[in-house]
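Below you'll find the structure, written out as structure tokens, and then a few comments.
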Amino acid sequence: MTIQRMDNVAIVVDDLDAAVAFFAELGMEVEGSTHIEGPWADRTVGLNVIRSEITMLRTPDGHGRLELTKYHAPALSGAGSENPPPNTLGLHRIMFAVDDIDDTVDRLRTHGAELLDEIAQYESTYRLCYLRGPAGIIVALAEQIG
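Residue 117 in the UniProt record's numbering sits at position 117 of the sequence shown, and the numbers go up by one each step.
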């Protein structure tokens, strides 16, 4: 037996509204939001007395999904620095293909995004950049040019 699909990527954030606005500006569409709590959630995640909110977003093509989660309880874990560098072990970035990287960066800057360095060109095929979004999330953007 093999997997059927990758269902979603989940990211824990401290400001759910800001994170949803950021990814909506990027072009993701909100599927829905809900509160999560109860013994089933505790057993699933392995934490006690979970109280959280989630918002599920999807890419315009309907194939990719992102779950943004804000925990109200238990207290957030302080696993590492607030803005870990891109080479930190573990999940550290999410990448999106865009049709206009300059416009996308400009729009995301209005939501607090900051480039880690600059938009760079890889050979004659891509323009790429990393930027830091809400909750320190590193978002990579790629525009195919060749």
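The beta-carbon is built from N, C-alpha and C at its ideal position, and this holds for glycine as well.
First and last residue of the uninterrupted beta strand (DSSP E) at residue i
| i | result |
| --- | --- |
| V49 | Taken as a continuous stretch (DSSP letters only), V49 belongs to no beta strand (DSSP E), as it is neither H nor E. |
| T69 | 65-73 |
| V98 | Per DSSP, V98 belongs to no beta strand (DSSP E) and is neither H nor E. |
| R5 | Taken as a continuous stretch (DSSP letters only), R5 belongs to no beta strand (DSSP E), as it is neither H nor E. |
| G32 | 29-37 |
| V139 | 138-144 |
| L131 | 126-132 |
| A120 | 120-122 |
Boundaries (first-last residue) of the alpha helix (DSSP H) holding residue i
| i | result |
| --- | --- |
| R107 | 101-109 |
| A18 | 16-26 |
Proximal residues to residue i (C-beta, below 6 Å), its chain only, five neighbours per side dropped
| i | result |
| --- | --- |
| V12 | T69 |
| D14 | A135 |
| G32 | M56 |
| R58 | E29, E31, R65 |
Residue burial classification, residue i (beta-carbon count within 10 angstroms, cutoff 16)
| i | result |
| --- | --- |
| V9 | exposed |
| Y71 | buried |
| I145 | exposed |
| E143 | buried |
| G133 | buried |
| A120 | exposed |
| V105 | buried |
| I3 | exposed |
| residue 153 | Residue 153 falls outside the range modelled here, since the chain spans only 1 to 146, and no answer is possible. |
| V30 | exposed |
Nearest-angstrom beta carbon gap, residue j and residue i [assumed within contact, 8 Å]
| i | j | result |
| --- | --- | --- |
| F23 | L66 | 6 Å |
Chain-order list of residues whose beta-carbon lies under 8 Å from that of residue i (same chain, five-residue window excluded)
| i | result |
| --- | --- |
| I137 | I11, V13, A19, R93, I94 |
| P74 | L47, N48, V49, I50 |
7 Å Cβ shell around residue i - same chain, five flanking residues per side excluded
| i | result |
| --- | --- |
| G7 | Rather than Gly, the amino acid found at residue 7 in this sequence is Asp. R65, listed in sequence order. |
| I54 | S33, T34, I36, E67, L68, T69 |
| L16 | E53, T55, L68, K70 |
| E114 | L131, R132 |
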